[in-house]
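These notes are about the structure you will find just below.
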Amino acid sequence: METCTAALVQSTQLSNKLPSKDNWEYYMTFTSFQKTMKSEGTNILRTVAKILSNQKVKGNISQRDVDEQLDLVVDANDTILEHVANNLDEMDGIRRNPEVELIEATIAPTISGSWNVNKQMMVPNVHRPNHVNRSSTVRLLTAKNIERPQVKFKDRLDNSSTPFEPRIKDKPNALKPLSILLEMSEDGDHPYEYELDRFKSPEDQLKKVKPTMYKSLEETPLFMVGRPEELADMMADLAKYSEIAVDLEHHSYRTFQGITCLMQISTRDTDYIIDTLELRDKLHCLNDVFTNPSVVKVWVIVFTNHGVVKVFHGADHDVEWLQRDLSVYLVNLFDTHQAAKALDFPHLSLAYLLQHYCKVTANKQYQLADWRIRPLPKELRNYAREDTHYLLYIYDTMKNALLDAANGNTNILESVLQQSTEICKKRYWKPILTEDSHMGVYRRSKKLFDNQQMFALKELYRWRDKVAREEDESIGFILPNHMMLQIADTLPREMQGILACCNPIPTTVRKNLVNLHQIVLKAREQPLTKVGRDVYYGPHPRSRS
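Heads up, the sequence shown is in UniProt numbering, so the first residue is 1 and it goes up one at a time.
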């Protein structure tokens, strides 16, 4: 095992030395480099093929495109990991709990370079969980039997193409009464647009501070908030603070629009993890409590309270998820991602900020975790809290750095705050289907389809979108892009040919095989003409591809 691990480490180190991004494109202009890469790639595929053959996994990996190769390896890993887990349980005399059957896999560390983005191969985790270096691996943690949380939601999920309707019913801290215009235009109303346009940071927020050192994780209480009474206790405690750090954990694979699964909030003294699946219909209280302007500096938990600084890292998506799932809006946001850009840092990730300011190595092992798992495993609880635990100290130090960068002036800090405010103005838009939504997938594929193939792609895309909305599943779960392109490319005459284009075969494909076959047959009936890829088809900005 030590020999294998050493070999993997050495391989990873060598792969990290490969040229990346523009350098890769430049190197690929040299014939000798192309030949070397092709030769080494062939050798790697042969090695993988031997492993798959040894594990009795069917399928020829060398005759597939990159996406299909990844699917085959992932499918093989599922089988191998299941065998490993069963063998370990048998050795330990442990019977697996049928109610919570977790599946765990690891993925090699991210390798530099645009050429391999989203193409890393998954490898089985043959070590015990606590033996894996947190900085060198990423883990996929999910479960076979997760109950769909959507079935318990009190609010009805609307996957139609109609505009998203904000569910906010009242407006605390309002300078203008609540008025929501449901428009498709870009200038449609945001419930707090009036307040955001007039927001000015308090003078105290523009001054240097002595950074408040974070407490250790062991010294800091962690509270799980999953019941209304626990939510009330949290609200009472958070009202003592003028800054809070916030993060969300999201799931998008087994639902059409996505689901906010967890919210993490940290103060200077306490970490909270809120179950947003259980409290989904109750968290609007983050908007509507303690709205009296005379007590703004005391009751500081309210997200829309101008006197409370909300510290996020990369809040672009979080703002939309808060609106969609929890009817929560933000005023007075400090986004550390924007601050990192203003300071011209070499990296903009939270992991870099943690290392730079706190000398803490970010735990990114579970960034592929399924956050719907309940009860939440201890590993995920610890992982989630770390995203916000150090953020307020980073906020203090970054604010000082922004002031220092401007020689004591506030212009750079105010610019970051203004950019953060613009993020607060973002509105959630539901994905819509247009006549040319499929063109995004087509152009990225670099394929050249005739009109029969293009007809099939468009209709398959339309079918996939319709089924995904009806069953509240992601389009990737219904039919992944590479499988859809393969069906449109080959136009199989027989139903079995459609199944041959999919490995593994999605459940919805088996269930709707007749409908898919009809789409293919209708495509084959179209008069044959050539369609050039250089023809521009501009997708709608909110179409999903």
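Think of the CB as a built atom: it goes at the ideal place given N, C-alpha and C, for glycine as much as any other residue.
As a beta-bridge residue in DSSP terms, residue 272 pairs with 223, 265. Counting the other CB atoms within 10 Å of its CB gives residue 260 a total of 16 or more, which places it among the buried residues. Boundaries around residue 230 are those of the alpha helix (DSSP H), 228 to 238, since no beta strand (DSSP E) includes it. Looking from the CA of residue 264, the closest CA among 207, 225, 251, 77 belongs to 225. Around the C-beta of residue 77, 16 or more other C-beta atoms lie within 10 Å, and the residue is accordingly described as buried.
Counting along the chain, the unbroken alpha helix (DSSP H) around residue 316 starts and ends at 316 to 321. The three-state secondary structure of residue 456, taken from DSSP, is helix. The beta carbon of residue 421 sits closer than 7 angstroms to those of 196, 199, 333, all from its chain and outside the five residues before and after it, given in chain order. Contact check for residue 350 against residue 366 fails: the beta carbons are separated by 8 angstroms or more. Counting C-beta pairs closer than 8 angstroms gives fewer than three between the region 50 to 61 and the region 461 to 480, which falls short of the contact rule. For residue 526, the CB contacts under 7 angstroms within the same chain, skipping 5 residues up- and downstream, are 451, 452, 455 in chain order. Relative to residue 482, the option among 20, 68, 42 whose CA is nearest is 68.
Across the set 57, 338, 83, the C-alpha of 57 shows the shortest separation from the C-alpha of residue 71. Secondary structure note for residue 245: its beta strand (DSSP E) is the uninterrupted segment 243 to 251. Contact annotation: residue 457 and residue 484 have beta-carbon atoms nearer than 8 angstroms. Bridge pairing for residue 256: absent [DSSP].
Scanning its chain for C-beta atoms nearer than 6 angstroms, with the 5 sequence neighbours on each side dropped, one finds around residue 167 the residues 327, in chain order.
Going by beta carbons, residue 339 and residue 403 fall outside the 8 angstroms limit. For residue 241, the closest C-alpha among the options 267, 276, 40 is that of 267. In terms of Cβ geometry, residue 396 and residue 163 do not form a close pair [threshold 8 angstroms]. The alpha-carbon separation between residue 406 and residue 488 amounts to approximately 56 angstroms.
In the pairwise beta carbon analysis, the region 140 to 147 is classified as touching the region 370 to 379: at least three pairs are separated by under 8 angstroms. If you ignore the 5 residues before and after residue 419, its C-beta comes within less than 6 angstroms of the C-beta of 338, all in its own chain and listed in chain order. In this structure, the straight-line span from the alpha carbon of residue 23 to that of residue 275 is close to 45 angstroms. Put simply, the backbone Cα of residue 104 is about 31 angstroms away from that of residue 21. By the Cβ-count criterion, residue 30 is exposed, with fewer than 16 other Cβ atoms from all chains shown falling within 10 Å of its own Cβ.
Residue 354 sits in a helix when the DSSP states are folded into three classes. With a beta-carbon spacing of about 12 angstroms, residue 170 and residue 179 fall beyond the 8 angstroms limit used to define contacts. Between residue 342 and residue 354, the gap from beta carbon to beta carbon reaches 8 angstroms or more.
Per the Cβ contact rule, the region 428 to 444 is not in contact with the region 247 to 255 (fewer than 3 Cβ pairs under 8 angstroms). Residue 523 and residue 491 have their C-alpha atoms roughly 8 angstroms apart. By the neighbour-count criterion, in which a residue is buried when 16 or more other Cβ atoms sit within 10 angstroms of its Cβ, residue 442 is buried.
The DSSP-derived three-state label of residue 142 is strand. Just so you know, the alpha carbons of residue 270 and residue 280 end up roughly 22 angstroms apart. The Cβ atoms of residue 286 and residue 424 lie no closer than 8 angstroms to each other. The C-alpha of residue 223 lies about 10 angstroms from the C-alpha of residue 233.
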